[in-house]
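Residues in the sequence shown are numbered consecutively from 1098, following this note's numbering. Quick reminder that beta carbons are idealized off the backbone N, C-alpha and C, glycines included. Remember, predicted model here, so these are calculated numbers, not experimental data. What follows is a single structure, written as structure tokens, with notes after it.
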Amino acid sequence: MAKPNDYGCSDAIKDINTFFEIKEINMEKMEALDRMLDHMTKGSTLGHHNISCQPCWDYYTEMKRKKCGG
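This is how it looks when you write it as structure tokens:
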């Protein structure tokens, strides 16, 4: 995987797809979640994310709606 400084939108899209394709919770899924959230947000508080990459966040929420219904 790309170094953190080289991680960009195309990497986040791959991780978002990986996250939603893997059904069981495993290390690969959790690492993908950590990387994509680091890219898409500046930090979060309970129930609120400070979005830093709106296009990736929009893609994530669309995939969440399609795959999870919410």
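Between Met1137 and Ala1109, the C-beta gap is smaller than 8 Å, which places the two residues in contact. In the DSSP assignment, Lys1120 falls outside any beta strand (DSSP E), carrying neither H nor E.
Measuring C-alpha to C-alpha distances from Asp1103 to each of Lys1120, Asp1135 and Glu1125 identifies Asp1135 as the nearest. The beta carbon of Arg1132 lies closer than 6 Å to those of Asp1112 in the same chain, with the five residues before and after it left out.
Lys1164 and Glu1125 have their alpha carbons spaced roughly 18 Å apart. Inside the segment 1127-1160, DSSP marks whole beta strand (DSSP E) runs of 3 or more residues at positions 1138-1142 and 1145-1148, from first to last along the chain. Within the same chain, Phe1116 come within 6 Å of Leu1130 by CB-CB distance, once the 5 residues on both sides are set aside.
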